[in-house]
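K.L.:
Once you've had a glance at the structure underneath, I'll fire off some questions.
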Amino acid sequence: MYRVTIRRTFSAAHTITIGGVREAMHGHNFAVEISAEAAELDGEGIVIDFRTLKHHADAVLKEMDHSYLNDLVFFKTTPPTSENIARHIFNRMEKALSSEKATISRVTVWESENARATYRRGARG
Ligand SMILES: [Zn+2]
């Protein structure tokens with residue numbers, strides 16, 4: 133199994149409720165790591181062109197960059213926590229790469245240098 137990972141960033145604000153307490157609106161400079169995997173390399177020796185991954189990632193992240201996440205349609209009923217942001221990006225990337233041989237394997241969202249959340253499918257690490 134081969135895995136490639138790209139890193140992108142975006143900035144956004146959100147308000148979340150933790151322990152029943154609604155936090156004040158605040159922003160993060162989010163960093164996002166998106167990994168794709170393939171059992172075998174293609175004829176050119178790669179999992180997927182990094183540029184393809186970056187192209188699709190930038191399209192997804194552009195919708196969130198400099199936004200108030202709570203106002204976006206996909207977070208209307210789902211709290212915009214780092215966990216849910218990771219799942220949202222995962223689902224969008226999976227759809228965007230549906231014609232590729234490589235599959236999205238995990239998405240990690242860093243909301244600070246010391247705190248991250250990861251979404252992935254299945255039991256693989
Ligand atoms: Zn926050």
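Residue numbering for the sequence shown follows our numbering, beginning at 133 and increasing consecutively. We put the CB at the ideal spot given by N, CA and C, even for glycine.
Using DSSP's beta-bridge definition, name the partner residues of Asn216.
P.N.:
When beta bridges are read from the DSSP output, Asn216 appears opposite no residue.
K.L.:
Residues near ligand 1, CB to any non-hydrogen atom under 6 Å, in chain order?
P.N.:
His146, His158, His160, Glu243
K.L.:
Taking 9 Å as the threshold (beta carbon to beta carbon), is Glu195 in contact with chain D?
P.N.:
This model lacks chain D altogether; it includes just one protein chain.
K.L.:
Specify the secondary structure class of Ile138 as computed by DSSP and reduced to three states.
P.N.:
strand
K.L.:
Rounding to the nearest angstrom, what Cα-Cα distance links Met133 and Lys233 in this structure?
P.N.:
13 Å
K.L.:
Going by C-alpha distance, which of Asn202, Ile166, Lys208, Lys194 is nearest Gly159?
P.N.:
Here the closest residue by C-alpha is Asn202.
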